[in-house]
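S.K.: After the structure tokens below, expect a handful of questions from me.
Residue numbers (my numbering), protein chains in the order written: chain P, 1250 to 1719; chain Z, 1250 to 1719.
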């Protein structure tokens, strides 16, 4: 097992003086080399130590992004696109120095086409902001990673969340992008049609490219009508197995559940403390059903029957909007609740995803591995997709815990990969999973990824050191 | 407007003798230079004149594909993957000579994982063959281009069909691929997990690459449970507008229709003659609804109400499986029915796709353009996606008709592109839409596509002259 921190030793060049001056000239107070600003942009939600960029630029338009990219290209200086800072694998760390390009000021909703069920937004718009803007339209945007991430960042990491089992991930929901290439060209490879066979799928290539192939400045996404009826339920199970098998059978029967989330007893305890809920501390599933009144009823009855047959208890319903909101807010805050359960801790979150038939083996295998952990661990996740997270709560000042957490993560990833699974269902590779990606994709596929990277970013200025070391 | 046939004048080198001998040595009777075999592999369903390869190899395994690719690479000789021969844009024509690699013998179902809702098949397996193999499983594969295309070919052209409005296209339904690269390496970039954020989405890059980046030899696709209830309906409308607006409102209300197909009166007439149906010769929609008994009933009632409000008449139901089959077989044979309606004709099929809000303008605009046609034309398509086809029935021996059909196509494509649409919803670029792709993607996106092509196929041996001229 390689240390995930080795890459931090890469040699950094200082920021070229001429570049700093040109950026200061153009961006004035929106260019900063203040230590606090740099530190803020040199970390994310991962346990990696802060690794600050040399400067931060706050861009407000695609044209400004072009200007920054061109300057960085001219000076062969690294450039790291920055959205909400909520990534989990060290994506934003300036391991080779350079400029952090903060896009949070690009927060305009460009267009909402209700009649086409699409929205176009600037990259810095967050998922909550978009849904707020959609409130009066009868439409919503379903993709919901734990944090209130930016749409640009969500596209860049191919994010998903609790609704993916029904609505898909960013892979399925991005219709078009505006991207600034490493040369400073602005491209919009696809348009707003729901499907197209026109040439290479550059949109899907940028989705999940983690800022290494271009800077995403606008995103066009699919929207969905708010269902006529929605209903959520909380069910407790006597064992992990019973909970997971309930989800597996639900999926295999084709019940179109909108959400099906597992939470372990420790996670429930953390949530109760953080969100002031009173959930029973047990193996728990949160479900949500979307549809018409009668289809929601049908789905719920089917799932209730499956859960009952497997020993599920205390089917508690949340049909009122405020109860559902409370439930899902608690779920979205689960990661922060877990961090709070061990004050001062940082989380190492695994992110494996396996074919659904291997989910029970994969998650009980992970549980067995984690039973040896000296640190507290919460297990939770989007089990309907075969994707779950083990949040290992580390004291970041204790090297032996860091080492132990990596050892546990390593075993869990390798177990998933041995089951035709992936090391990352939704968080991306970043700094942390480079070796796992190599193992998973194989040398020849990696060679193609590297060739694509070189052909699109020959000087390796775009978020260097992420996805692969090159 | 450029002539789509200009590319056929490209200079061809003769097949290197040493290559022919090596292929003959290894493949014996599965290597052919017979004129009839070559001619058969030098055409597709487009109106392009036959442009034969110099030789044809019939491969039966990924290893054999590797051998052929390596030999062609060593001799810098073009290689064109061939599936069912049903493409529509000249994809298979050997415009630079070389070897046609026939994969129809790679027709093994590798694995059906019912519990994961996935199937892995060799590239030559056709959609009907896969569904036949799924018969006893309670699952089905929804993607259905008109022809009984091969899964490899469907992946290569990013195909879709009548079910895409609910189930998506090959873009959304391919989970993994086995691909032989231009160097003769075998890669399987993703596994069978339903989602992954592990590195560049090479799978999506190969989907729609039309054989220009690698030879697809295996495809893993998503499957779906056969719905508990299905019901189909035929509705007639007094006008094109009324029919199209019914679909637009259906989609905008979020009714999860499985299929919603428009057929013009001329197409209905051709179908009646070809498939011995007795459909009323009018502007017609075919619908299909999937779900539980009650949800199908709800969907159907909603759509019936919308149709009624817009003047729809004669809502005829097909609930028995044999009636539904008959209806959809008639729909799938519509293109051949149209060709038969003008004996000896070839079809130029447009394939534009626009955002749904522009569908009415786009299709009535196309209708107005085609009202000037001297040739018969059928309009039909997957209007729920914003995608429709105008099949212009050309006498292939009449140059003025070919020229006129291209002029009409040109106007229809440009109209769609002016509406944020695409020149191709599902047929691909091939030889025929190269200029339209350039217009649509723009020079800078094209430069990236070319850079990717060069980085993955430096000697341009994989299906050269398709997607772009290079």
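No residue lacks a Cβ here, since even glycine has one placed at the ideal position from N, Cα and C.
1. I need the DSSP call for residue 1527/Z, collapsed to helix, strand or coil.
2. Does residue 1692/P pass the burial test, meaning 16 or more other C-beta atoms within 10 Å, or should it be called exposed?
3. By how many angstroms is the C-alpha of residue 1539/P removed from the C-alpha of residue 1292/P?
4. Within 10 angstroms of the Cβ of residue 1384/P, are there 16 or more other Cβ atoms? Answer buried if so, exposed if not.
5. Around the Cβ of residue 1550/Z, are there at least 16 other Cβ atoms within 10 angstroms (buried) or fewer (exposed)?
6. Between residue 1321/Z and chain P, is the shortest Cβ-Cβ distance under 8 Å, so that the two count as touching?
7. In the region 1401-1427 of chain P, which residues sit with their C-beta less than 8 Å from some C-beta in chain Z, listed in chain order?
8. Taking C-alpha atoms, which residue in 1303/Z, 1435/Z, 1297/Z lies nearest to residue 1336/Z?
9. When the distance is taken between beta carbons, is residue 1441/Z closer than 8 Å to residue 1563/Z?
10. Any heavy atom of the ligand ATP closer than 7 Å to the beta-carbon of residue 1409/P?
11. Between the alpha carbons of residue 1515/P and residue 1394/Z, how many angstroms are there, rounded?
12. Indicate whether residue 1308/Z and residue 1341/Z have their beta-carbon atoms separated by less than 8 Å.
13. In the DSSP output, which residue or residues are listed as bridge partners for residue 1689/P?
14. How far does the alpha helix (DSSP H) with residue 1535/P in it reach, from first residue to last?
15. Distance cutoff 8 Å, beta carbons only. Does residue 1479/Z sit that close to anything in chain P?
16. Would you kindly work out how many angstroms separate the C-alpha atoms of residue 1250/Z and residue 1597/Z, rounded to a whole number?
17. Does residue 1384/P come within less than 8 Å of chain Z when only Cβ atoms are used?
18. For residue 1286/Z and residue 1717/Z, I'd like the C-alpha separation in whole angstroms.
19. Kindly indicate which three-state DSSP category residue 1513/Z falls into: helix, strand or coil?
20. Going by alpha carbons, who is nearest to residue 1321/Z out of 1670/Z, 1532/Z, 1431/Z?
21. Starting from the beta carbon of residue 1456/Z, find every residue of chain P whose beta carbon is closer than 7 Å, and list them in chain order.
22. Suppose you measure from the CA of residue 1312/Z to the CA of residue 1319/Z; what does that come to, to the nearest Å?
23. Give me the DSSP bridge partner(s) of residue 1392/Z.
24. I'd like the span of the beta strand (DSSP E) that includes residue 1331/P, first residue to last.
25. With 7 Å as the C-beta to C-beta threshold (strictly closer), list the residues of the region 1654-1678 of chain P near chain Z in chain order.
26. The region 1636-1651 of chain Z: which residues have C-beta closer than 7 Å to a C-beta of chain P, in chain order?
27. Let me see if you follow: with CB-CB separation under 8 Å, is residue 1709/Z close to chain P or not?
28. Please compile the residues from chain P whose C-beta is within a distance smaller than 8 Å of the C-beta of residue 1602/Z.
29. Would you please verify whether the beta carbon of residue 1488/Z is less than 8 Å from any beta carbon of chain P?
30. What's the C-alpha gap between residue 1410/Z and residue 1356/Z?
31. Counting pairs of beta carbons, one from the region 1598-1606 of chain P and one from the region 1658-1672 of chain P, are three or more of them closer than 8 Å?
32. Say whether the region 1504-1512 of chain Z touches the region 1440-1458 of chain Z, bearing in mind that this needs 3 or more beta-carbon pairs closer than 8 Å, one atom from each stretch.
33. What does residue 1508/Z touch in chain P if you count any residue whose Cβ is under 8 Å from its own?
34. Using the beta-carbon of each residue, which ones in chain Z are nearer than 8 Å to residue 1703/P?
35. In the DSSP output, which residue or residues are listed as bridge partners for residue 1351/Z?
36. With 8 Å set as the bound, which would you pick, yes or no: does the beta-carbon of residue 1434/Z sit closer than that to a beta-carbon of chain P?
M.R.: Looking at the coordinates:
1. coil
2. exposed
3. 37 Å
4. exposed
5. exposed
6. no
7. 1406, 1407, 1408, 1409, 1413, 1417, 1418, 1420, 1421
8. 1297/Z
9. no
10. The ligand ATP is not part of the structure shown, which contains no ligands of any sort.
11. 50 Å
12. no
13. Answer is none; residue 1689/P lacks a bridge partner.
14. Premise fails: residue 1535/P lies in the beta strand (DSSP E), 1532-1540, not in any alpha helix (DSSP H).
15. no
16. Unreliable positioning characterises residue 1250/Z in this predicted model, as indicated by a pLDDT of 39, which lies under 50. A coordinate reading is not provided.
17. no
18. 27 Å
19. coil
20. 1431/Z
21. 1450
22. 11 Å
23. Answer is none; residue 1392/Z lacks a bridge partner.
24. 1328-1331
25. 1669, 1670, 1671, 1672, 1673, 1674, 1675, 1676, 1677, 1678
26. 1636
27. no
28. 1442, 1443, 1444, 1445
29. no
30. 22 Å
31. yes
32. no
33. Residues of chain P passing the Cβ test: none, with the nearest at roughly 15 Å.
34. 1704
35. 1307/Z, 1331/Z
36. yes
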